[in-house]
Structure formats: C-alpha cells, structure tokens
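Undergrad: For what it's worth, my numbering labels the leading residue of the sequence shown as -8, then goes sequentially.
Backbone N, C-alpha and C define an ideal beta-carbon position, used for all residues, glycine too.
All of these numbers come straight from a predicted model, not from anything done at the bench.
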Amino acid sequence: MMDGHTTLYGFIAHPAAHSLSPLIHNTSFRALGINAAYLAFDINTDTLEDMVAAIRAMGIGGMNLSLPLKTDVIPLLDAVTPRAKRLNAVNTIINRDGQLTGDTTDGQGFVDALEYQGIQIADKQLTILGAGGAGRSIIGAAIDAGVAHIDVFKRQNATFADRKRQLESWSDKVSVLPYDDEQAMAQSVSDSQIVVNTTNVGMAHDQAMPVSQAVMAAITPQHIIFDAIYFPLVTPFLAAAKIKGAQTFNGIGMLVQQAAGSFFEWTGQKMPIDQVMTAVNEAVASRQTN
-8 MMDGHTTLYG FIAHPAAHSL SPLIHNTSFR ALGINAAYLA FDINTDTLED MVAAIRAMGI
52 GGMNLSLPLK TDVIPLLDAV TPRAKRLNAV NTIINRDGQL TGDTTDGQGF VDALEYQGIQ
112 IADKQLTILG AGGAGRSIIG AAIDAGVAHI DVFKRQNATF ADRKRQLESW SDKVSVLPYD
172 DEQAMAQSVS DSQIVVNTTN VGMAHDQAMP VSQAVMAAIT PQHIIFDAIY FPLVTPFLAA
232 AKIKGAQTFN GIGMLVQQAA GSFFEWTGQK MPIDQVMTAV NEAVASRQTN
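#1: For Asp94, which residues of its own chain have a beta-carbon under 6 Å away from its beta-carbon, when the five flanking residues on both sides are left out?
#2: When you compare the stretch 187 to 196 with the stretch 123 to 137, are there three or more beta-carbon pairs, one atom per stretch, that lie closer than 8 Å?
#3: Can you name the residues that DSSP bridges to His140?
#4: Contact defined as beta carbons within less than 8 Å: I believe Met42 pairs with Ile3. What is the distance between those atoms, to the nearest angstrom?
#5: Taking the alpha helix (DSSP H) that Gly124 belongs to, which residues open and close that run?
#6: So is Gly52 buried or exposed if we call it buried at 16+ other beta carbons inside 10 Å?
#7: So what does Gln108 bridge to, in DSSP terms?
#8: Hey, quick one: how far does the beta strand (DSSP E) through Phe2 stretch, first residue to last?
#9: Helix or strand or just coil, what does DSSP make of Met54?
#10: Going by beta carbon distance, what residues of the same chain come within less than 8 Å of Lys155, once the five residues before and after it are set aside?
#11: In whole angstroms, what separates the C-alpha of Phe228 from that of Ala205?
#12: Among the candidates Thr258, Ala251, Met(-8), Asn281, whose CA atom is the shortest distance from the CA of Gln99?
#13: Which partner residues does Asp33 have in the DSSP bridge list?
#14: Could you tell me whether the Cβ atoms of Gln238 and Ile264 are closer together than 9 Å?
#15: For Thr18, does the three-state DSSP call read helix, strand or coil?
#16: Okay, do the stretch 19 to 27 and the stretch 254 to 269 touch, 3+ Cβ pairs below 8 Å being the bar?
#17: Considering only residues of the same chain and omitting the five flanking positions on each side of Ala104, which have a CB-CB separation below 6 Å?
#18: Okay, do the stretch 135 to 150 and the stretch 116 to 123 touch, 3+ Cβ pairs below 8 Å being the bar?
#19: Can you name, in chain order, every residue of its own chain whose Cβ lies under 7 Å from the Cβ of Thr96, other than the five neighbours on each side?
#20: What is the DSSP secondary structure of Asp182, reduced to helix, strand or coil?
#21: Between Val267, Ile110, Pro223, which has its C-alpha nearest His196's C-alpha?
#22: What does the alpha-carbon distance come out to for the pair Leu78 and Val275?
#23: For Met200, collect the residues of the same chain with a Cβ closer than 8 Å to its Cβ; drop the 5 residues on either side in sequence, then sort them by chain order.
#24: For Gly98, name the three-state secondary structure that DSSP assigns.
#25: Measuring alpha carbon to alpha carbon, tell me which residue in Gly109, Leu56, Gln147 is nearest Leu120.
#26: Determine, using beta carbons only, whether Ala7 and Ala31 come nearer to each other than 9 Å.
#27: Cutting at 7 Å between CB atoms, please list the residues of its own chain near His5, excluding the five before and the five after it.
#28: What does Asn148 pair with, by DSSP beta-bridge criteria?
#29: Would you identify the three-state DSSP class for Pro227, choosing helix, strand or coil?
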C-alpha cells in the first residue's frame, strides 16, 4: 500500500503507455516488500528538461528512458558512468540526494540473460546483426565480458564508415562488415558460437528474416541464437533456428535483466528474476492474442 513514505520511480518515453517496465518493477517491489511504485510518463524532448527538474524537486528515486531521450538527457545530468559515456546513451537515472547519475544497463542485460541460462560469453565468438542502440550496447558489454571476437554486420548507409571507426576503436576484437556481404556473414556465423539479432526485422507481425537462406544454412545445433525482439515471443528467425536444432532465446531475458540492473542500482536489492520472467511472459503472450 502506498503512503507518505512511498518512493517513486518511473519510465519516460514518447509514447510510454506500451512499456512493460511498470509490470517488471512493481512486481519486484511487491515480491520484496519494498515501499515503492513505478509509473510510466509520456515525455518528449521538449518536456525532458522539466521532467529532470521534477526528479530533483520531488525526490524521485530514479528513472528509465527510451530513445531518443537516452542521449538527450545527458547534458541535464550531473554525471554519467564510463559505459554510458562510451555509448553516449543513458537508460537509467539514479538520484542520490539530488545528484543525478546516468548509467546504461542494456548491454549488461544481454550478458546477464545468457548467464541466467548457464551460458558464459567469455572467449566466445559472436556474430551481431545490426549496430543501432541495442547492438552497440551489446557490443560494449560483450567486450567487457571478455569475448574472443565480434563480427558486426551493418547496413552500408551514410553512417557506415563512422560507425565502423567507432566500434572498431573500442577493441581490436571488433570487426564491422557490410550487412549485404552474404558470404562474409555466412562464414562469420559458421565460426561463431553465438548469433545475435539486434535489428527490428521480425518484430510484431513482420514475417521477414534478418538473414538469407544461405546464412541460415550455416546455423547448426551447436549455435546459440539470440533475438533482442520479444514481441512476438518467437520471431521467424528464432523459429527457423529452432528447426535447425539451435538453442534459441528471445529478448525477454535481456529486457528483464537490464531492468534488474536498474533495480539494483536504485534499491541495492536483487530483482526476483523468476517471478518477473513469469509475469512478463504472460503479459507478452496476452498481447499476442489480442
């Protein structure tokens, strides 16, 4: 029950009503008996400065953010963590007596999601499809976790050269290659133990595949296939990989584990992952049928 001692947390985005974050955090607060509440706020770039001022003035414990606010908020904060600075993106704001620090837990959420399944990525080779916000966060966290090598496949558009320079400057373990180089992608998948889709291909009712049949032919039962998408629960890519005998995971694990990172920074307590995973899976399954 909320009272005068309830600490408020929240999610800011535009739009915000679709977010599963209130379900994740409020389930956790109830399970652990924490006197707190988590709400979603529809905030755009024009009203972001006012929202940050409200965090300070109202003593809000912390916030999560979505794009493009992840970058827009940085000048309004007192500090950012090294990993957030590397990505130039913040998904978590921590309020300590009015001092606001920005962090990013997205990439670590990917690492933790695999560890939750008993999979360590240290010394593994990864193929990552896409170099957007999710892709870059995963690349940074994977480097920190000690991967052997990462091949990143990115569309050859106006940002290709700059993104290639950026990502390859992070580590000599990273190679950025053209997405349409089918032969290179098939070879990379063959050489990798883990393949990660961070594009939006296959999201919602999209039946497209993020890779060609020639690339799919390189997938074996020894592969781990991870799709950052969680709606639908089984994307066309995951369904095809499952037929090949690969071990497959959707993006719910990453969603919950990145939230767990924020939760720990705010409360100092570990999120009850099993309970939250059950709640989120049920919520997404319900949305798929509606």
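TA: Put simply:
#1: Thr72, Ala75, Thr83
#2: Verdict: yes, contact present.
#3: Gln116
#4: 6 Å
#5: Start and end: 124 to 135.
#6: buried
#7: According to DSSP, which records beta bridges pairwise, Gln108 is partnered with nothing at all.
#8: -2 to 4
#9: Note: Met54 maps to strand in three-state DSSP.
#10: Lys145, Val167
#11: 13 Å
#12: Nearest C-alpha to Gln99 among Thr258, Ala251, Met(-8), Asn281: Ala251.
#13: Per DSSP, the beta-bridge partners of Asp33 are Ala4.
#14: 9 Å or more divides the Cβ of Gln238 from the Cβ of Ile264.
#15: helix
#16: By the Cβ criterion, the stretch 19 to 27 is in contact with the stretch 254 to 269, since at least three pairs of Cβ atoms, one from each stretch, lie closer than 8 Å.
#17: Gly244, Met245, Gln248
#18: Cβ pair count under 8 Å is three or more, so yes.
#19: Asn82, Thr83, Gln249, Gly252, Ser253
#20: Under the three-state reduction of DSSP, Asp182 is assigned to helix.
#21: Pro223
#22: 29 Å
#23: Val192, Gly193, Met207, Pro227, Phe228, Ala231
#24: In the structure shown, Gly98 sits in a helix (DSSP, three-state: H, G or I).
#25: Relative to the Cα of Leu120, the nearest Cα in the group Gly109, Leu56, Gln147 belongs to Gln147.
#26: yes
#27: Asp33, Ile34, Asn35
#28: None, per the DSSP bridge assignment.
#29: helix
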